[in-house]
Amino acid sequence: MPSASPSRPDLPALGQRLRIATYNVEWFSNLFGRHDALLEDDEWSSRYKVKRQDQLRAIAKVLRVMDADAIMVIEAPDTGGDRNSVRALQNFAERFGLRQSRALSGFESHTRQEISLLYDPEVVEVRHRPEGLKADGKGVVHAPRFDSKFRIGHEVFSFSKPPLEVSLTHKPSGKALRLIGVHAKSKAVHGEKDEALALKIAISNRKKQMAQCRWIRQRVEDHLARGEALIVLGDFNDGPAHESHGLGEEDCFKTSGFEVVLGDISTPETYLKDPNARLWLDPMQGWALSSARFYHSKLKWYVNTLLDYVMLSPDLAEAAKWRIFHPFDDPQCFQNPALQAALLTASDHFPVCVDLQL
Numbered sequence: 003m004p005s006a007s008p009s010r011p012d013l014p015a016l017g018q019r020l021r022i023a024t025y026n027v028e029w030f031s032n033l034f035g036r037h038d039a040l041l042e043d044d045e046w047s048s049r050y051k052v053k054r055q056d057q058l059r060a061i062a063k064v065l066r067v068m069d070a071d072a073i074m075v076i077e078a079p080d081t082g083g084d085r086n087s088v089r090a091l092q093n094f095a096e097r098f099g100l101r102q103s104r105a106l107s108g109f110e111s112h113t114r115q116e117i118s119l120l121y122d123p124e125v126v127e128v129r130h131r132p133e134g135l136k137a138d139g140k141g142v143v144h145a146p147r148f149d150s151k152f153r154i155g156h157e158v159f160s161f162s163k164p165p166l167e168v169s170l171t172h173k174p175s176g177k178a179l180r181l182i183g184v185h186a187k188s189k190a191v192h193g194e195k196d197e198a199l200a201l202k203i204a205i206s207n208r209k210k211q212m213a214q215c216r217w218i219r220q221r222v223e224d225h226l227a228r229g230e231a232l233i234v235l236g237d238f239n240d241g242p243a244h245e246s247h248g249l250g251e252e253d254c255f256k257t258s259g260f261e262v263v264l265g266d267i268s269t270p271e272t273y274l275k276d277p278n279a280r281l282w283l284d285p286m287q288g289w290a291l292s293s294a295r296f297y298h299s300k301l302k303w304y305v306n307t308l309l310d311y312v313m314l315s316p317d318l319a320e321a322a323k324w325r326i327f328h329p330f331d332d333p334q335c336f337q338n339p340a341l342q343a344a345l346l347t348a349s350d351h352f353p354v355c356v357d358l359q360l
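For the working numbering, count along the sequence shown from 1 and bump the result up by 2.
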């Protein structure tokens, strides 16, 4: 590991500021081999026409410029067999001399994509701190532990990627926070020619995502009831309810998953704040911020959408500043060709960060 953290001349009031970010790194796991050795070579990565060494270097550049004290990494390297997400991220940080030299994971994912926290141990102290009772889904349990089962009526749901619950302390100020890292997923239906069956699968997937968001919201309400400072962040794969979810006339979901997690705006004391989300929710605005850019094969066009959020409890939001490191829409990124190229090479998502004044 580097002997000392890089200096941060842009932050004269370091002791009073905490920068938290979320970053979905597309197929980060495929950049590591056995025992989490970096595959820094000239072979193709899982990103279209991107070499593994180029993606690794691009990710490191983005993280270095973003300069967050803690990053919730979505699609982090996997854990299982001879693979370990924490070890992989720490190997990556050591190779590129990042001050975010330590990592934390929670419950293991059932996929090859983990949710892990990469952080600077000189600035924050963290630990995995899951909440709730272990539930088997046979009865209705309020906000059970995220690695168990959640019952709504006659249906039982679970997470393929259990949210990462973190207890974080900002060392300079002593401020304690709770973080919940999220990767909610409403899978699109691909290759199914039977339209009725495809619709049935789509509704089932959407129902699962909505149940997961209700589950997270119950946990949010518990934290807020205890007066805890809270951040919910990650990739919700979701837009506002006034958008089509591809379910046509059968789209009976009157709200979106991330709106469920935000809460009821009429009760501001329990409503999470994210100005990017608020803008996205205004159908009359005519434009919206975006945190992801995908190639649409049918349109033969790149499309932009907001999928990644950093939601704050009201006590944290008052003096907070949000930023999306978008290669075209953020002026500083657009005016920095090297950073712009790195953002486009590293992932199909862009980091979203928030600066907290503590």
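By construction, the Cβ of each residue, glycine as well, lies at the ideal position given by its N, Cα and C atoms.
task = Count the other CB atoms, across all protein chains shown, that sit within 10 Å of the CB of Ile-267; report buried if there are 16 or more and exposed otherwise.
result = exposed
query = Cβ atoms of Leu-274 and Val-263: under 8 Å apart, would you say?
reply = yes
inquiry  = If I measure Cβ to Cβ from Leu-308 and keep anything under 7 Å in the same chain, skipping five residues before and after, which residues do I get?
reply    = Close CB contacts of Leu-308 within its chain, under the 7 Å cut and outside five residues either way in sequence, are with Gly-241, Asn-278, Trp-282, Ala-290, Leu-291, Ser-292, Ser-293 (chain order).
message = Quick check on the burial criterion: 16 or more other C-beta atoms within 10 angstroms. Buried or exposed for Trp-303?
response = exposed
ask   = For the candidate residues Leu-100, Lys-53, Val-128, Arg-114, whose alpha-carbon lies nearest to that of Ser-31?
value = Arg-114
message = Less than 8 Å between the beta carbons of Thr-81 and Pro-353, yes or no?
response = It is not a contact, given that the beta carbons lie outside the stated cut-off.
request  = State buried or exposed for Phe-336, treating a residue as buried only when at least 16 other CB atoms are found within 10 Å of its CB.
outcome  = exposed
task = Flag this pair as yes or no: are the beta carbons of Asp-375 and Val-126 separated by less than 8 Å?
result = With the chain covering only 3 through 360, there is no way to say anything about residue 375.
inquiry  = In whole angstroms, give me the CA-to-CA distance for Glu-42 and Arg-228.
reply    = 46 Å
query = Relative to the C-alpha of Thr-272, which residue among Leu-232, Asn-239, Asp-237 is closest?
reply = The candidate whose alpha carbon is nearest that of Thr-272 is Leu-232.
message = Does Gln-57 pass the burial test, meaning 16 or more other C-beta atoms within 10 Å, or should it be called exposed?
response = With 16 or more neighbouring CB atoms inside 10 Å of its own CB, Gln-57 falls in the buried class.
request  = Work out the CA separation of Lys-256 and Lys-202 for me, nearest whole Å.
outcome  = Here the alpha carbon of Lys-202 sits roughly 18 Å from the alpha carbon of Lys-256.
Below-8 Å beta-carbon distance, Ser-258 vs any chain D residue = No chain D appears in this structure, which consists of one protein chain only.
query = Can you tell me whether DSSP reads Ile-117 as helix, strand or coil?
reply = strand
ask   = According to DSSP, is Trp-217 helix, strand or coil?
value = The answer is helix: DSSP assigns Trp-217 an H, G or I state.
request  = Please indicate yes or no: does the CB of Val-262 lie closer than 7 Å to some heavy atom of the ligand GDP?
outcome  = In the structure on display, the ligand GDP does not appear, and there are no ligands present to speak of.
query = If you draw a straight line from the C-alpha of Phe-161 to the C-alpha of Phe-238, how long is it?
reply = Spanning the two alpha carbons is a distance of roughly 13 Å.
key: Contacting residues, own chain, Cβ-Cβ under 6 Å from Trp-29 (five flanking each side not counted)   = Here the set comprises Ser-48.
message = Only counting the same chain, and skipping five residues up and downstream in sequence, which positions put a Cβ closer than 6 Å to that of Ala-105?
response = Non-local beta-carbon contacts of Ala-105 in its own chain, meaning distances under 6 Å to residues more than five positions away in sequence, involve Val-88, Leu-91, Gln-92, Ser-118, Leu-120 in chain order.
task = Flag this pair as yes or no: are the beta carbons of Asp-276 and Lys-323 separated by less than 8 Å?
result = no
query = Grouping DSSP H, G and I as helix and E and B as strand, with all else coil, what is Gly-82?
reply = Collapsing the DSSP output to three states places Gly-82 in a strand.
task = Taking 8 Å as the cut-off, decide whether the C-beta atoms of Ser-111 and Lys-187 are in contact.
result = no
query = Taking the DSSP output, what are the residues bridged to Tyr-50?
reply = In the DSSP assignment, Tyr-50 is bridged to no other residue.
request  = Write down the C-beta distance between Gln-220 and His-172 rounded to the nearest angstrom, noting that I regard them as a contact closer than 8 Å.
outcome  = About 27 Å separates the two Cβ atoms, so there is no contact after all.
key: DSSP-derived helix/strand/coil call for Arg-280   = Note: Arg-280 maps to helix in three-state DSSP.
request  = Report yes if the CB atom of His-185 is closer than 8 Å to the CB atom of Gly-236, and no otherwise.
outcome  = yes
The beta strand (DSSP E) enclosing Gly-236, as first and last residue numbers = 232-237
Nearest residue (CA-CA) to Leu-40, options Arg-85, Ile-73, Leu-65 = Nearest option by C-alpha distance: Arg-85.
query = Anyone know if the C-beta pair for Phe-327 and Met-68 falls short of 8 Å?
reply = yes
inquiry  = Since Leu-341 and Lys-63 should fall inside the 8 Å C-beta cutoff, what is the C-beta to C-beta distance between them, to a whole number of angstroms?
reply    = 7 Å
task = Determine the extent of the alpha helix (DSSP H) in which Gln-92 is found, giving its start and end residues.
result = 87-98 is the extent of the alpha helix (DSSP H) around Gln-92.
message = Let me check one thing: in DSSP terms, what residues is Phe-336 bridge-paired to?
response = For Phe-336, which the question treats as bridged, DSSP gives no partner whatsoever.
ask   = With 16 other CB atoms within 10 Å as the buried threshold, where does Ala-6 fall?
value = With a pLDDT of only 41 at Ala-6, under the threshold of 50, the placement of this residue in the model should not be trusted; the figure read from the coordinates follows. It is exposed - the Cβ of Ala-6 has fewer than 16 other Cβ atoms within 10 Å.
ask   = Is Phe-161 helix, strand or coil when you go by DSSP?
value = In the displayed model, Phe-161 falls within coil according to three-state DSSP, outside both helix and strand.
request  = Taking the CB atoms as reference points, tell me whether Arg-180 and Glu-230 lie closer together than 8 Å.
outcome  = In this structure, Glu-230 lies closer than 8 Å to Arg-180 by Cβ.
ask   = Got a sec? Which residues, its chain only, sit under 6 Å from Val-158 by beta carbon, not counting five neighbours each side?
value = Taking C-beta separations shorter than 6 Å and ignoring five residues to either side along the sequence, the partners of Val-158 in its chain run Gly-139, Lys-151, following chain order.
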